[in-house]
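Residue numbers (the UniProt record's numbering): 1 to 1041.
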């Protein structure tokens, strides 16, 4: 990357104007072109463009970034008339202007310090057409002005064209001005091809799909395990098309046209082939629920006799602080009073109802088997009942001695075992589990111990356990009854370098407790391999992003060691992850791109400097450089190149090169991700004459996008042995695959950027002035101004490509109500063509029912496939879709030779929920920008609106309820269309990540939803600047490379 700082700036007198009256100016990009008779008003900072004759080095500003903010302005190719008006800009007293130091640095590099000293005043000639450009600067209230006018040979100002002439492109079949296009399947169709636009699609409009007309004579997909089958998935078990016969619970084909009702072979008890005996009541009727009461009466209510049949619990401790109340079940127990008789001791009981009463058993009863009965009192009459038995166990000696295990893990069922003294087998025994609630779990007596099966708990928690052998009273324990449920040990699911190599992403299967893990040193036991000042940040609880410093030494397949007992789940208790994690190489690693910046010809008295510092793909670290001489044996030059190993620049004294000889130099670069080097060559000829030395620089790798501006820059200087130093420039362009009328060449030459810079060191190519799929050759003639015949001609080719289409379906994923009327599917308004190229968008649709992975068929007419015309905006009745299903609708778009596709998911429900659609369904953003999530909805009542971030495996997560990450919220309800938005602060979303944000609108009865997919670009990796020169006087030019 080259950046030229033009310090030709001085303080502007606050009342400075020219001697002309003010007229409107024409804006072009970031510049203002003022025509004849103008007034210049002071602006805070204005950046001067390079001067043709005197600014011969580093005249391009960030031209490889194609950001259109270069500092190149100038005139047309015609000679410039003499311009007389001038402006003198007085400077403050130089003695009052202190020297200052400007510092600039990029991640991992040292600051660049430039000492600047004051100089006297300066004077500028001002042209009748002036270009000015705003920029930031360390100096305040300063101005510089471009001095060249854009004029015709007659001196008239050249108007800036508002439109460019069209280019007649060759279509995909090779016909000039043809109409054939590449469809979504990659086939050249339409025009003179004779192929339909849907060529290559199956019957469901899926490119290279397997759908075919099946045995029901409708479009469907064959089974994955039998792709040649034509059996229709729409045939039921009775072999009828689009009927609803199905295999029932008993395995029979029923319903539909079978004539059999479902489960006809099942008895009343739910048993296939059963005889109803398993659910008969005492009356012989299946499922009557009737049983005999304690008097033996079928369906009786216990009123025909007086008797008792059971006691609960029938096993009691000898003493209990919680009391010992038993429940007695029988018949005829609704007398005026109940008398309980335990081991011969009589006490009062409590009547509950006709069949239930309760009795309290006295404490301090010796262990053993005791008799028990009740007497029903009615007036003076006591009616006795049969005797039952209660067993008393010694509460002091029957106790728990050990409990195992001491801990449990979340999500894993476990067995809790109690061992003890005097444990008695009882079917009523339970384990008592106390967490935030009390739960009793049946206990099983096994070999003198009791076991209980615990479920897998979702969250870590404290637990207190106990054992009751009678289901009511818990045993005393000599063992600790406190237990813990631990979150499982988190696991690393992936750990690898990002594709750029600038970061390492470690992903965990569970959210990590990150509050104290804010630095790399807090996470890893040794961070030396990560460099001097690495950063570690959590993009969410499951993803750790490591940014090694520029001096890092960590390589793919190296390991990092977690600090002991540091990595654990974000829960109350958690097992810890210790040990090593291996860092894998990226899935699609960045490849180094070698770039040699240097002249292809040096003068007879010149020296050669080759610069590879603009090579890229280092993954945030320095590249390894290797220089060599190809096809030529020259020991002296080879020695110089060998000495420059791992140096980005190499200087070769011109005396080592022979005049009239061409040398082939090779630069091989490699990065730390892969030792495989990538090389490029440059041919350099030493001229026999003192010609200007010229280096051409254009887009990296000679490729550019039609929709982006860029510069082609000639860095030139006169031969050191030439007495003339001023240089002139003349650019021309040729399209190597133009049509017969040279329309691509004409369009390029007609653009304002080309016309205004065609005699400058840097030629500006405006966005949209070139056509994709064509190659342009830019040629510059650099000559001595005083001797035009002493000239150097150089050319460079630039292959221009169309930017990929960015397809999207308006509204995104959404909930669709069957009663909502008409569904509109719009693939036109949200699809973006970054180049805004001419031509119409072509669309084709397909629909898949996700419940069976088959084409979509109407819920109204089951044999009718839902029809979506080949238009970019289509409509279909919402009732065509079946409630309870999800449909995946895909749009394949094409424009010229470019294709793309996008999908939406329709979740269909009954009724008419709020209709919700997001404004931008797919967003591509940078981490440093605010992100605005917007949606529209319609609802008959004011609903509840909620934005959430999906917690799904393929997406990162942020908590939208966290007010610290949301800068503003808007919720505007209207009776027509309502609006809602959330604005996320800058740097909330992680670079290289993808997020799904869901909008839910709840009207109280139904919920309507839609979502936005946000893709965050990786952003640039670190790099470095070098300054030339490293020290300078005030107003001297400096180049950052």
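Note that beta-carbon positions come from the ideal geometry of N, C-alpha and C, so glycine has one too.
This one's a predicted model, so the numbers in the text were calculated from it and none came from an experiment.
Counting the other CB atoms within 10 Å of its CB gives residue 937 a total of 16 or more, which places it among the buried residues. Relative to residue 331, the option among 280, 385, 366 and 339 whose CA is nearest is 385. For residue 750, the uninterrupted alpha helix (DSSP H) run begins and ends at 743-750, by DSSP.
Rounded to the nearest angstrom, the Cβ distance from residue 355 to residue 294 is 7 Å, consistent with a contact under 8 Å. With fewer than three CB-CB distances shorter than 8 Å, the segment 274-288 does not count as touching the segment 383-403. The straight-line gap separating the alpha-carbon atoms of residue 921 and residue 188 is approximately 29 Å.
In the structure shown, the three-state DSSP call for residue 277 is helix. According to the DSSP secondary-structure assignment, residue 569 is paired through a beta bridge with 512. DSSP places residue 847 in the strand class (E or B) of the three-state scheme.
Per DSSP, the beta bridge partners of residue 971 are 980.
Here the C-alpha atom of residue 265 lies approximately 24 Å from the C-alpha atom of residue 283. Listed as beta-bridge partners of residue 170 by DSSP are 176. Considered as a whole, the segment 662-711 harbours no complete run of any alpha helix (DSSP H) with no fewer than 4 residues. Per the C-alpha coordinates, the member of 539, 498 and 504 positioned closest to residue 513 is 539. In this structure, residue 895 sits near residue 839, with a CB-CB distance shorter than 9 Å.
Under the Cβ criterion (8 Å, minimum of three pairs), the segment 655-665 counts as touching the segment 676-686.
Of 849, 815, 705 and 544, the smallest CA-CA separation from residue 803 is found for 705. Runs of the beta strand (DSSP E) spanning 3 or more residues and lying entirely within the segment 889-968 occur at 898-909, 915-918, 922-925, 931-938 and 944-949, in chain order. In this structure, the beta-carbon distance from residue 908 to residue 940 does not fall below 9 Å. By the Cβ-count criterion, residue 945 is buried, with 16 or more other Cβ atoms from all chains shown falling within 10 Å of its own Cβ. Here the alpha carbons of residue 669 and residue 777 stand approximately 27 Å from one another. Counting the other CB atoms within 10 Å of its CB gives residue 407 a total below 16, which places it among the exposed residues. DSSP places residue 458 in no alpha helix (DSSP H); its state is neither H nor E.
Between the beta-carbon of residue 679 and that of residue 666 there is about 6 Å, and that keeps the pair under the 8 Å contact cut.
The beta carbon of residue 929 is closer than 8 Å to those of 986 in its chain, skipping five residues each way along the sequence. Fewer than three beta-carbon pairs drawn from the segment 726-735 and the segment 815-824 are found closer than 8 Å, and the two stretches are therefore not classed as touching.
Within the DSSP secondary-structure output, residue 797 pairs in a beta bridge with 777. Per DSSP, reduced to three states, the secondary structure at residue 520 is helical. Of the candidates 1034, 420 and 379, the residue whose Cα lies closest to the Cα of residue 399 is 420. Residue 511 sits away from residue 454, with the two beta carbons spaced by 9 Å or more.
Counting of Cβ neighbours within 10 angstroms places residue 483 among the buried residues, the total reaching 16 or more. In this structure, residue 782 sits near residue 728, with a CB-CB distance shorter than 9 Å. Selection 1031, 389, 947 and 890 evaluated against residue 962 yields 947 as nearest (Cα-Cα). Taking all protein chains shown into account, residue 390 has 16 or more neighbouring C-beta atoms within 10 Å of its C-beta and is therefore buried. By the neighbour-count definition (other C-beta atoms within 10 Å, threshold 16), residue 845 is a buried residue.
The beta carbons of residue 994 and residue 911 sit no closer together than 9 Å.
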